[in-house]
Amino acid sequence: MNEIELKEVFIKTLHQFSENEALNDMYWREINWFHSQEQLHYHTLQHLIDLYLELQNVKIYIKNWDATVLAIFYHDCFYNTSETENEEKSAKIALQRLSEANVPQEIISKVNETILATKYHRKNFDQDINYFIDADLSILGKSSDKYQVYAENIRKEYIQFSDEIYTNGRKRVLENFLNQEQIFKTEHFNYLYEDQARKNLDFEISQL
Numbered sequence: 004m005n006e007i008e009l010k011e012v013f014i015k016t017l018h019q020f021s022e023n024e025a026l027n028d029m030y031w032r033e034i035n036w037f038h039s040q041e042q043l044h045y046h047t048l049q050h051l052i053d054l055y056l057e058l059q060n061v062k063i064y065i066k067n068w069d070a071t072v073l074a075i076f077y078h079d080c081f082y083n084t085s086e087t088e089n090e091e092k093s094a095k096i097a098l099q100r101l102s103e104a105n106v107p108q109e110i111i112s113k114v115n116e117t118i119l120a121t122k123y124h125r126k127n128f129d130q131d132i133n134y135f136i137d138a139d140l141s142i143l144g145k146s147s148d149k150y151q152v153y154a155e156n157i158r159k160e161y162i163q164f165s166d167e168i169y170t171n172g173r174k175r176v177l178e179n180f181l182n183q184e185q186i187f188k189t190e191h192f193n194y195l196y197e198d199q200a201r202k203n204l205d206f207e208i209s210q211l
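For the sequence shown, the residue numbers in my numbering are 4 to 211.
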């Protein structure tokens with residue numbers, strides 16, 4: 004999947020609710036701009052592509068596919084490593100844009116809940132959201148080489164912080180995942196990625 008195909012997914016999904024092609028295209032250009040910032044190295048359009056492909060594999064289990072797809076595009080639209088409310092601000096942007104595009108309130112509410120759930124990646128009563136947060140974390144369980152690239156890109160996004168500050172913060176994040184009974188909340192993602200994720204996290208901690 005490439006960025007052109009990703010755009011087609013976004014436009015096609017939004018077109019169900021808004022026939023204003025100029026507005027839909029403007030929203031896509033905004034999504035593209037959000038994820039093309041110079042300081043971003045992991046939270047780029049490629050992350051959206053990877054997330055979409057992971058969720059495609061479990062589409063048959065997802066009840067509200069449109070909300071899930073729209074959440075993909077907006078869950079990291081505001082991303083600033085110096086901020087603590089990225090998810091809340093991303094959800095606010097999604098609310099504004101999707102309301103203007105006449106997306107039904109039920110879908111907007113689901114998008115909002117999904118985006119906010121990515122702040123802590125805790126098990127949710129809504130299985131759609133569990134699939135989403137698991138897919139969002141799937142990079143943790145990829146091959147050691149892919150994980151290494153991911154870890155390096157995350158460090159680049161936090162380049163303004165000293166090694167000491169970054170190391171302390173990063174260790175807390177990684178150890179929080181390791182202390183969970185299950186990193187991945189759904190059977191599908193747990194089977195695919197749990198064991199490798201724990202190996203990757205342990206290794207990164209040992210290198211910090």
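Idealized CB from N, CA, C, for every residue including glycine.
What residue range does the alpha helix (DSSP H) around residue i cover?
i       : result
Tyr-169 : 166–181
Gln-163 : Run containing Gln-163: none; DSSP gives neither H nor E here.
Phe-192 : 190–210
Leu-22  : The sequence shown places Glu at residue 22, rather than the Leu named in the question. Here Glu-22 belongs to no alpha helix (DSSP H), and DSSP marks it neither H nor E.
What's the C-alpha gap between residue i and residue j?
i       : j       : result
Glu-90  : Asn-179 : 19 angstroms
Tyr-196 : Leu-177 : 15 angstroms
Arg-100 : Cys-80  : 12 angstroms
Leu-98  : Ile-111 : 6 angstroms
Lys-95  : Gln-59  : 26 angstroms
Leu-56  : Tyr-45  : 16 angstroms
Trp-31  : Lys-202 : 37 angstroms
Ile-208 : Phe-76  : 30 angstroms
Glu-8   : Leu-48  : 11 angstroms
Phe-20  : Asn-27  : 10 angstroms
Gln-42  : Asn-83  : 9 angstroms
Glu-33  : Ile-186 : 32 angstroms
Taking buried to mean at least 16 other C-beta atoms within 10 Å of its own C-beta, is residue i buried or exposed?
i       : result
Leu-204 : buried
Ala-104 : buried
Thr-87  : exposed
Asp-1   : Outside the modelled stretch of the chain, which goes from 4 to 211, sits residue 1, for which no answer is possible.
Ile-168 : exposed
His-50  : buried
Ser-85  : exposed
Gly-172 : exposed
Asn-182 : exposed
Lys-188 : buried
Lys-53  : Residue 53 is actually Asp in this sequence, not Lys. Burial call: buried.
Leu-17  : buried
Ala-25  : exposed
- Query: Can you give, in chain order, each stretch of the alpha helix (DSSP H) that sits fully within the stretch 85–150 and has at least 4 residues?
  - Reply: Here the runs fully enclosed are 89–103, 108–120, 130–139.
- Query: What are the start and end residues of each continuous alpha helix (DSSP H) run of 4 or more residues lying completely inside the stretch 30–68, in chain order?
  - Reply: You should have 48–59.
- Indicate whether the contact test is met: 3 or more Cβ pairs, each with one atom in the stretch 126–140 and one in the stretch 182–196, closer than 8 angstroms. Between the stretch 126–140 and the stretch 182–196 there are three or more inter-stretch CB-CB distances shorter than 8 angstroms, so the stretches are counted as touching.
- Query: For the 8 angstroms Cβ check, are there 3 or more pairs between the stretch 62–80 and the stretch 107–125?
  - Reply: The count of Cβ pairs closer than 8 angstroms, one atom from the stretch 62–80 and one from the stretch 107–125, reaches three, so the stretches are in contact.
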